[in-house]
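For the record, the sequence lines run as chains A and G. According to the numbering used here, the first sequence is numbered sequentially starting from 229. According to the numbering used here, the second sequence is numbered sequentially starting from 229. All residues carry an ideal CB built from backbone N, CA and C; glycine is no exception. First up is the structure itself, then whatever we jot down about it.
Number of protein chains: 2
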Amino acid sequence: MSQIDFWYSIGSTYSYLTVMRLPEIERASGVEFKWRPFDVRHVMIEQKNIPFKDKPVKTAYMWRDIERRAESYGLDPRIPAPYPLPGLVLANQVATLGVEEGWVVNYTRATYRRWFERGEPAGEEPNISESLREIGCDPAKALAAAQSDRIENALAAATKEATELGVFGSPAFVVDGEVFWGDDRLEDALLWAKGR
Amino acid sequence: MSQIDFWYSIGSTYSYLTVMRLPEIERASGVEFKWRPFDVRHVMIEQKNIPFKDKPVKTAYMWRDIERRAESYGLDPRIPAPYPLPGLVLANQVATLGVEEGWVVNYTRATYRRWFERGEPAGEEPNISESLREIGCDPAKALAAAQSDRIENALAAATKEATELGVFGSPAFVVDGEVFWGDDRLEDALLWAKGR
């Protein structure tokens with residue numbers, strides 16, 4: 229049984245679905261997921277692959293698709309959520325600190341819930357501090373550390389690692405060198421991890 | 229039980245998966261699919277939504293993803309198939325004639341098989357004439373009719389109809405006004421058709 233790396237950026241809309249359903253899937257499958265925040269916007273700009281910018285028809289479809297799939301997972305988001313997120317980088321710097329300190333999963337879920345279920349953009353206030361408080365972190369301390377050179381560099385290194393693996397969008401699942409892109413490929417990644 | 233409109237363009241890579249597995253799904257589900265060829269390239273240019281142009285990482289992923297999913301469906305394509313197709317419009321003009329004359333499904337499957345399994349681009353020779361001969365049509369007669377103003381106009385009208393429904397990519401499934409985009413949404417469309 230392999231481990232699956234779950235590459236994501238807070239700021240990705242479809243990643244909401246994965247972030248919310250992953251803990252239950254992890255329990256049910258017995259497969260371990262490693263949460264790996266990275267800066268998908270950096271990769272998208274570099275690869276000239278901006279999926280929704282100036283594409284109103286595709287964007288409207290994306291929201292409807294997320295709404296339908298959220299319902300099928302028993303989730304109840306306010307659609308559309310604020311998008312795109314100006315604070316994407318800071319949101320993922322905080323998550324990167326959370327990897328170091330062991331609270332990345334709780335923070336990511338808390339910030340997504342506020343973003344998608346209360347309409348508060350992730351990566352800015354009040355979302356960041358409220359999410360940190362909710363999971364038992366000191367917002368001032370965490371925000372200072374998240375904006376340090378060390379964490380900036382760690383996020384850049386994770387983004388480079390993702391790119392080198394062939395990850396170009398969020399969410400992506402990497403298992404034994406195979407990339408699966410999209411919340412809708414999570415089950416395929418699981419099958420791969422279990423040896424198909 | 230609703231009918232599902234299956235909107236597609238010969239020229240779309242992911243549509244290979246749907247084209248090959250749809251007849252079996254139709255039999256197993258009892259849901260009727262109406263095959264609706266349209267010109268996805270026209271829509272993509274109009275909406276500035278060109279999914280793979282100048283995106284080598286995303287394109288490499290697309291082929292690997294199709295290869296894995298084809299295997300899971302018991303298909304054995306030669307990956308990558310020639311892409312993009314210069315003859316996209318002509319291929320879909322022939323399919324549009326096939327709608328009128330009742331052989332659209334057989335032609336679409338024959339031309340995709342040659343394109344994906346033998347490496348012969350659809351929309352050009354020898355693929356077009358061989359596919360037509362295989363399904364019992366006279367290639368010279370069909371090609372002349374497919375390039376008539378009547379069929380050109382019918383393809384343009386279908387493309388306009390697809391756009392007005394909110395279809396922006398191929399394959400897409402439309403059921404009761406709901407659009408489902410991608411071979412990986414076929415099962416969602418089926419559930420919708422069955423009243424969920």
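Exercise. Verify whether the separation of the beta carbon atoms of Pro-399 (chain G) and Thr-246 (chain G) is less than 7 Å.
Key: Closer than 7 Å, so yes.
Quiz item: If Tyr-340 (chain A) and Met-248 (chain A) are in contact, beta carbons under 8 Å, what's the gap, nearest whole angstrom?
Solution: The C-beta distance from Tyr-340 (chain A) to Met-248 (chain A) rounds to 7 Å, short enough to fall under 8 Å.
Quiz item: In the structure shown, what three-state DSSP assignment does Ala-421 (chain A) receive?
Solution: It is helical.
Quiz prompt | Selected residue, minimal CA-CA separation from Phe-396 (chain A), among A:Cys-365, A:Ser-237, A:Lys-283, A:Val-403 | solution = Nearest C-alpha to Phe-396 (chain A): A:Ser-237.
Quiz item: Excluding the five sequence neighbours on either side, which residues of its own chain have a C-beta within less than 7 Å of the C-beta of Phe-261 (chain G), listed in chain order?
Solution: Shown here for Phe-261 (chain G): same chain residues with a beta carbon closer than 7 Å to its own, the five before and five after excluded, namely Ile-232, Phe-234, Leu-250, Glu-254 in chain order.
Quiz item: How is the beta strand (DSSP E) around Trp-291 (chain A) delimited, first residue to last?
Solution: First-last for Trp-291 (chain A): 284-300, but that is the alpha helix (DSSP H), not the beta strand (DSSP E).
Exercise. Determine the DSSP secondary structure at Gly-309 (chain A), reduced to helix, strand or coil.
Key: According to the sequence as given, residue 309 (chain A) is Ala; it is not Gly. In this structure, DSSP gives Ala-309 (chain A) a state outside helix and strand, which the three-state scheme calls coil.
Practice problem: From the DSSP output, read off the bridge partner residues of Glu-406 (chain A). | Solution: DSSP links Glu-406 (chain A) through a beta bridge to A:Val-403.
Quiz item: Are there 16 or more other CB atoms within 10 angstroms of the CB of Lys-281 (chain G), so buried, or fewer, so exposed?
Solution: Lys-281 (chain G) comes out exposed.
Quiz prompt | Reduced DSSP category for Lys-262 (chain G) - H, G, I as helix; E, B as strand; rest coil | solution = In the structure shown, the three-state DSSP call for Lys-262 (chain G) is strand.
Quiz item: What are the residues of the region 393-407 of chain G that lie near chain A, defined by any Cβ-Cβ distance shorter than 7 Å?
Solution: Within the region 393-407 of chain G, the residues whose Cβ lies closer than 7 Å to some Cβ of chain A are Gly-394, Phe-396, Val-407, listed in chain order.
Quiz item: How would you list, in chain order, the residues of chain G whose beta-carbon sits under 8 Å from the beta-carbon of Tyr-289 (chain A)?
Solution: Contacts between Tyr-289 (chain A) and chain G, judged by CB atoms closer than 8 Å, involve Gly-394, Phe-396, Val-407, Trp-409 in chain order.
Practice problem: On the DSSP bridge assignment, give the partners of Ser-240 (chain G) in chain order. | Solution: Paired residues: G:Ile-238.
Quiz item: Measuring CA to CA, which of G:Ala-384, G:Arg-297, G:Pro-308, G:Glu-274 is closest to Ala-288 (chain G)?
Solution: Closest by C-alpha distance to Ala-288 (chain G), out of G:Ala-384, G:Arg-297, G:Pro-308, G:Glu-274, is G:Pro-308.
Self-check item: Reduced DSSP secondary structure (H/G/I, E/B, other) of Ile-232 (chain G)
Solution: Three-state DSSP puts Ile-232 (chain G) in a strand.
Exercise. Could you run through the region 245-277 of chain A and flag, in chain order, every residue whose CB is less than 8 Å away from some CB of chain G?
Key: Listed in sequence order: Gln-275, Lys-276, Asn-277.
Quiz item: Per DSSP, what kind of secondary structure is Gln-375 (chain A) in: helix, strand or coil?
Solution: Gln-375 (chain A) falls in the coil class under three-state DSSP.
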